[in-house]
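Visitor: Dumping the structure here so I can ask a few things about it.
Residue numbers (my numbering): 412 to 803.
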């Protein structure tokens, strides 16, 4: 029978993730369970949360050699160098490694013989286009590490959970990333309704212009502004929380900004999956929903479940796009959706924004509590694994 963990001494985690949002969410969640961190985050946006570059003292790894499309030979050499540098030390000092945005960091950590947690927040093959051969090799590696008990694969959202299952046939648990590092709460003082997120591609800017023109003609008293228009240089969470609501026009299927809006309780108005699918077909709105930023008709490899589910990377078939967009996390949240601009206009006029905000905040609190319970079980599994054994 395994020893039961003290929830206030659940281990020491090494993290070298490439996304500032995933890193902050994970750290603040696990701190409440007593986890401490060797934080060598490789994100290029470190200045948002750190006073100094967290990777400045990191040896072997850097943003350049860990930011290339997956290639087995490249990452295997990197893993050997990393193990030579940190392997013996990690046996005594690291209880588990964690990564999220780039799944191939699991390869880098694999030769240190310590448990690894991969909490997928982007498609498992990475945010850069690889080759079919290397993607197949990556799947083999992930499933091999998982089968021998070294790798624990999670999904931070429903879409990535189903995406991984489609290609591998393996069901993984969903463990959300909660933006508990944000303390600002919805307190509207400004009249403008935002359109966001701030980041967008030309396709998104075109759609935003269409929405603004529609409202200027049909409902000019509703003042719509993009985040960049109001805050061209920089904005704080408190700036966003002062606005009445935000119309969300996503450029991908899971983004930190939208999770942050949920945490602050800013009332969100999101296109339904039917409408968002049509906009994607018409304008290729969701540019970052996959690693290839250009439209594709099919995936580069055949998924294990291709006989039962449509291809998730077909940007030309409306039925396929809509099938997959229904897995987007935000459709399970207590937010408002609209199936047309006319419906959006009507909802903005009559919506009880305070009530929407309260429901969002309560949902986020409950999700956070449930997520901590999931992590307690996961950390116990890590402790009991062939590679585990968290020292006191």
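The beta carbon of each residue, even a glycine, is placed where N, CA and C say it ideally should be.
Bear in mind the structure is a predicted one, so any value in this text is a computation, not a measurement.
Over the uninterrupted alpha helix (DSSP H) stretch that includes residue 569, give me the two end residues.
Guide: That run of the alpha helix (DSSP H) goes 569-579.
Visitor: Taking residue 593 and residue 648 to be in contact with their CB atoms under 8 Å, please state how far apart those CB atoms are, rounded to whole angstroms.
Guide: With a Cβ gap of about 6 Å, residue 593 and residue 648 count as contacting.
Visitor: Which value, in whole angstroms, describes the spacing of the CA atoms of residue 499 and residue 569?
Guide: The straight-line gap from Cα to Cα measures roughly 37 Å.
Visitor: Around the Cβ of residue 753, are there at least 16 other Cβ atoms within 10 angstroms (buried) or fewer (exposed)?
Guide: Exposed, since its Cβ has fewer than 16 Cβ neighbours within 10 Å.
Visitor: Measure from the alpha carbon of residue 574 to the alpha carbon of each residue in 449, 737, 440, then state which is nearest.
Guide: Answer by Cα proximity: 737.
Visitor: Excluding the 5 residues preceding and the 5 following residue 600 in the sequence, name in chain order all residues of the same chain whose CB lies nearer than 7 Å to its CB.
Guide: Same-chain partners within the cutoff: 653.
Visitor: Of all the alpha helix (DSSP H) runs that stay within the bounds of the region 504-562, which reach a length of 4 or more residues?
Guide: Complete alpha helix (DSSP H) runs here, min 4: 516-520, 543-558.
Visitor: Can you find a CB in chain C that lies within less than 9 Å of the CB of residue 762?
Guide: Protein chains in the displayed structure number just one, and chain C is not present.
Visitor: State buried or exposed for residue 777, treating a residue as buried only when at least 16 other CB atoms are found within 10 Å of its CB.
Guide: Exposed, because fewer than 16 other Cβ atoms sit within 10 Å of the Cβ of residue 777.
Visitor: Sorted by chain position, which residues of the same chain lie with C-beta nearer than 6 Å to residue 470's C-beta, five sequence neighbours on each side aside?
Guide: Answer for residue 470: 496, listed in chain order.
Visitor: Output the boundary residues of the alpha helix (DSSP H) element that contains residue 742.
Guide: Looking at the DSSP string, residue 742 is not in any alpha helix (DSSP H), and its letter there is neither H nor E.
Visitor: Just the Cα atoms here: how many angstroms apart are residue 539 and residue 632?
Guide: Between residue 539 and residue 632, the C-alpha separation is close to 43 Å.
Visitor: Could you pull the start and end residues of the beta strand (DSSP E) that residue 681 belongs to?
Guide: From DSSP, the beta strand (DSSP E) with residue 681 extends over 679-682.
Visitor: I need the DSSP call for residue 586, collapsed to helix, strand or coil.
Guide: Here residue 586 sits in coil by DSSP.
Visitor: Label residue 678 either buried or exposed according to how many other C-beta atoms from any shown protein chain fall within 10 Å of its C-beta, with 16 as the threshold for buried.
Guide: Buried, by the Cβ-count rule.
Visitor: Let me check you understand the geometry: is the CB of residue 584 closer than 8 Å to at least one non-hydrogen atom of the ligand MN?
Guide: The model on display carries no ligand, and the ligand MN is accordingly not part of it.
Visitor: Contact between the region 521-540 and the region 552-565 is defined here as three or more beta-carbon pairs at a separation below 8 Å; is this criterion met?
Guide: Yes, the region 521-540 touches the region 552-565.
Visitor: Can you find the residues in the same chain that come closer than 6 Å, C-beta to C-beta, to residue 419, ignoring five residues on each side of it along the sequence?
Guide: For residue 419, the predicted model reports a pLDDT of 46, less than 50, meaning its position is unreliable; a value from the coordinates is still stated below. Same-chain partners within the cutoff: 445.
Visitor: Let me make sure I understand the geometry here. Which of 487, 684, 680 has the alpha-carbon closest to that of residue 622?
Guide: The candidate whose alpha carbon is nearest that of residue 622 is 680.
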